[in-house]
Amino acid sequence: MSRNIGIDLGTTHSLVAAVIDGKARCLLDEDGQALVPSAVRFEGEAFAVGAPALARAHMDNGITFTSFKRFMGRAPQEVAEEAKAFGYTLVQGDDRVIRFQHGELVFTPVELSAMILRELWQLAGEVLLSRPGGVVITVPAWFDDAQRQATRDAARLANMEVLRLLNEPTAAAIAYGLEKGVDGQKVVVYDLGGGTFDVSILELNQGLFQVLATSGDTRLGGDDFDQALAHVVKASLSLGDLDGIQWRMLVRAAERVKRELTLADSATLKVELGGVEHQIEISREQFDELIRPIVDRTRGSIERALADAGLKPRDIDEVVLVGGSTRVPLVRSFVKQLFNGKEPHKEIDPDQVVAVGAAMQADILSGASQLTDDLLLLDILPLSLGIETMGGVVERIIPRVSTIPATASQTFTTHVDGQTAVDIHVVQGEREMVRDNRSLGRFRLTGVPPMPAGVPRIKVEFTVDADGILSVSASEKSTGVQASIKVEPSYGLSDDEIEAMLEEAIDKAEEDFDERLLIEARVEAEGVAHALSKALESDAALLRGEEATALPALLAELREAIAGTDRKRIGGLTKKVDEQSAPFAQRRIERDLSLALEGRSAAEVGEALGVE
Amino acid sequence: MQPPPVEPDHFGVLGLERRWTLSVQEIDQAWRDRNRLVHPDRFAGKGALERRMSLQWTAAINSARRALREPVSRGWYLATGQARPRDEGGVRLDPDFLEQVFEWQMEANADPQGVQQQAETARQRVLADLDQRLSAWEQGDRKAPPAGVEELLSQMKYLDNLAQPG
């Protein structure tokens, strides 16, 4: 039987996990990595997904998309600023679907997410040695209908059967097995990622999970720590004006220091800018003082969530840490102090905990789980659903915090004699006026029997399923005619568009496979070319016979191939360069060895050989 | 699995007797037990028809729980078959009661706390009256809807607003 899998489809990275031998674990790629960067790169028709996409992000012969989860299910007009900040060009004149433009190509966030999903699916297939079964995909607890729908659309494009969309905090609580604890316990899930912060409060009762409240900040995360440190270092070293690339190098150096400081009391920030090596010592205290105001910004969201749930910090029984940034000691102590000294759960890798929970849920949904058969997740609607009435006022039909699935029905009538169609505008949000809420879609009821105005009684039923996604059905009560409904989503792709993409994707599947291999071949070839060119520069004296002319020629040929699109040629030349430069490489190693052994200490030998 | 009834009885879908004296714990327990039977997660990977029924059932038990959990909405449901006041054609309220409400509304600006307290006292009295009548009704055969409670429930609506303004 095929095994179900759990996927954490994240903003900066994604993971896939499965239950193997009764234990949920993240599946590792061939480099031993669980984290697949949520990045997709295009170079002409070629593309790459994950680490290779990120590795070439700095090159200008293509474009690398990251953070596209931020754009899922949103309106083009509300993301203009954000798109600009990420350097993405939006296709103009479309106010329904976000499309990024690159040259002649156009991509939607849903398609990009589908590419990540496919990548994870393939990874799972390779590790599990069989085609995976159904998938559980996690989403932020605050995702609205359009965002959840977009996630489901991405899965559909990737040809997957979605068993359930699972809220991320719920997945984390499952991973820790908190449902086995005392009845009625309240759990806070504190999720600080690279660029986003979410806090959720759950109540657990006899194996039932309920999200009581959720809050957060979509522009707050560990990346802010790196930026803050980089700014301070720039000032104290008087680095003057830095260009974009230099600034990014400084931020990366700051990030390395942040990581070191999770264990060490101090660390050295080293960065080479314009050929000058700079370094500065950063202590844990300095770092903590620097980031304290940033960490403190999570407090407001936590207080809001507690207030929404009608709870005080002392009512909280368990605290769970999620997201790589919760490794920072100050974050941990801040959270602990906020909840009256309660020790937060951090036993499971905070990057992996959501995927682990998703895998457990996927396993339970197989109906043949050995983990537990008594776990049932009950979620709530994060935002109220309503319909537009006269004067642009919202009439609420399903209030927020209702347990889902939920239904509500409403009777509509006509305003004109003989009217055969009625439009219903559905919105999501808590505000009184339609314009202040999020428009979900317009439903057009057709086939209403022609009758005098006000006579037809059209009963419209709104249903929110267990994933928090709305569907609508209608019937005319006096005649029993089943009116049909056409859904025109306000934002996001329509059913027909998804179908068209799906067909295209199937047609292109084989071609796509070739195209992704091209970039992987380029990445490998560039590594080889880079190493050889450095060696030629530094050790020309070690070249023998024809090597002095043959190797540079071969290198030039390889570089030319990399710039082209012939994958087989790139692969062949990479191999050829590898083979023909092997004697040269061998000589360099021997030279290093003999240098190393000439009256040096063991430590120096190690250093000379690059052994730590 | 059978589809749920078209106009489901909130007590029935939760497997509860038609009663007034129900604790929140009893209702939640019944709701949880039903969830284990009908929730869509129990039908993941099953056929479309079964999944659809499971969805309808779960939505029905969720509505039932919401309708019955609060005593006042439970009272409305027992009295009228709807968990909220009728849209049109409800009972006529006692003119004396309406006059009292009007008076309190006039005074509310000058002495908000005093009015709140008086309204709260009145609210408690109505609630006790309601509890007494519905408990008595529960002792009987429960065939007819409870009599005389609709007016008390309508009064609650006004008193709630005055006792907890905003």
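Order-wise, the sequence lines are chains A and B.
Its first residue numbered 942, the first sequence is counted upward by one per residue in the working numbering.
Its first residue numbered 13, the second sequence is counted upward by one per residue in the working numbering.
For each residue, glycine too, the CB sits at the ideal point set by N, CA and C.
Partner residues on chain A for residue i, Cβ-Cβ distance less than 7 Å
i	result
S147/B	The premise fails here: S147/B is roughly 28 Å from chain A at the closest Cβ pair, so nothing lies under 7 Å.
T70/B	P1346
R48/B	L1317
Cα-Cα separation, residue i to residue j
i	j	result
L171/B	G1122/A	41 Å
G1157/A	A134/B	42 Å
D1519/A	L1459/A	18 Å
E1201/A	A1208/A	6 Å
V1552/A	R1532/A	Confidence at V1552/A is low in this model, with a pLDDT of 48, below 50, so its placement is unreliable and the value that follows should be read with caution. For V1552/A and R1532/A, the distance between alpha carbons rounds to 16 Å.
A1113/A	T1155/A	14 Å
I1243/A	V1128/A	12 Å
T1344/A	V1422/A	31 Å
V102/B	L142/B	It should be pointed out that residue 102/B corresponds to Gly in this sequence rather than to Val. So the two alpha carbons sit approximately 17 Å from each other.
W69/B	P20/B	10 Å
L1434/A	V957/A	26 Å
I1503/A	L1495/A	12 Å
M1000/A	V1464/A	12 Å
Y1131/A	D1139/A	6 Å
D1406/A	P1346/A	4 Å
Q930/A	S943/A	A question about residue 930/A goes unanswered here, because the residues of chain A that appear run from 942 up to 1553.
T1267/A	F1041/A	32 Å
A1415/A	L105/B	37 Å
V1032/A	G951/A	25 Å
H1219/A	V1236/A	28 Å
E1222/A	L1178/A	11 Å
L1204/A	V990/A	32 Å
P1081/A	H1043/A	29 Å
L165/B	T1404/A	30 Å
V1263/A	R1485/A	56 Å
8 Å Cβ cutoff, residue i in contact with chain A
i	result
D53/B	yes
L67/B	yes
S75/B	yes
R78/B	yes
R86/B	no
R135/B	no
R81/B	no
Closer than 8 Å at the beta carbon, the chain B residues around residue i
i	result
G1075/A	A56, G57
L1306/A	D53, A56, G57
Residue nearest to residue i in terms of C-alpha spacing, selected from the options
i	options	result
F23/B	G160/B, R135/B, Q94/B	Q94/B
Q1147/A	I1328/A, P1397/A, I1460/A, L1316/A	L1316/A
A965/A	D1249/A, R982/A, I1115/A, G951/A	I1115/A
A1575/A	L1499/A, S1479/A, K1010/A, L1484/A	The first residue shown for chain A is 942 and the last is 1553, placing residue 1575/A beyond what the model contains.
A76/B	D153/B, R46/B, L61/B	R46/B
N1281/A	V1260/A, R1268/A, V1269/A	V1260/A
L90/B	Q130/B, G57/B, Q128/B, E162/B	E162/B
Q41/B	G1125/A, Q1369/A, W1083/A	G1125/A
A1026/A	Q1033/A, T1007/A, R1037/A, R1015/A	T1007/A
K1555/A	Q1187/A, E1456/A, T1355/A, R1089/A	Residue 1555/A falls outside the range modelled here, since chain A spans only 942 to 1553, and no answer is possible.
I1328/A	E1023/A, S1350/A, R1245/A, A1300/A	S1350/A
V1363/A	E1417/A, L1319/A, R1341/A	E1417/A
L1061/A	D970/A, D1085/A, T1239/A	D970/A
P1050/A	A1016/A, T1159/A, I1511/A, Q1063/A	A1016/A
R1189/A	A998/A, L1149/A, V1152/A, C967/A	A998/A
Chain B within 8 Å of residue i, Cβ atoms only
i	result
S1156/A	no
D1406/A	yes
S1343/A	yes
E1553/A	Residue placement at E1553/A is flagged as unreliable, the pLDDT there being 41, under the threshold of 50; the coordinate-derived value follows with that caveat. So no, E1553/A is outside the interface.
Neighbour list for residue i in chain A, Cβ cutoff strictly below 8 Å
i	result
R96/B	Within chain A, no residue comes near R96/B; the closest Cβ sits about 12 Å away, beyond 8 Å.
Per-residue contacts from residue i into chain A (C-beta, under 9 Å)
i	result
R44/B	N1146, Q1147, G1148, L1149, L1317, L1319
Contact list for residue i against chain B, beta-carbon separation under 9 Å
i	result
R1105/A	P52, D53, A56
**Item:** At least 3 beta-carbon pairs within less than 8 Å: the stretch 1293-1304 of chain A vs the stretch 946-964 of chain A
**Value:** When Cβ pairs closer than 8 Å are counted between the two stretches, the stretch 1293-1304 of chain A is seen to touch the stretch 946-964 of chain A, the count reaching three or more.
**Prompt:** Below 8 Å, can you find three or more Cβ-Cβ pairs linking the stretch 1224-1234 of chain A to the stretch 1087-1098 of chain A?
**Reply:** no
**Asked** Counting Cβ pairs closer than 8 Å, one from the stretch 1377-1387 of chain A and one from the stretch 36-56 of chain B, do we hit at least three?
**Response** no
**Asked** Should the stretch 1391-1402 of chain A be regarded as contacting the stretch 1370-1380 of chain A, the criterion being three or more beta carbon pairs within less than 8 Å?
**Response** no
**Prompt:** Counting pairs of Cβ atoms below 8 Å between the stretch 1176-1193 of chain A and the stretch 1268-1281 of chain A, do you hit three or more?
**Reply:** Cβ pair count under 8 Å is below three, so no.
**Prompt:** Per the contact definition of three or more C-beta pairs closer than 8 Å, is the stretch 1397-1411 of chain A in contact with the stretch 1356-1376 of chain A?
**Reply:** yes
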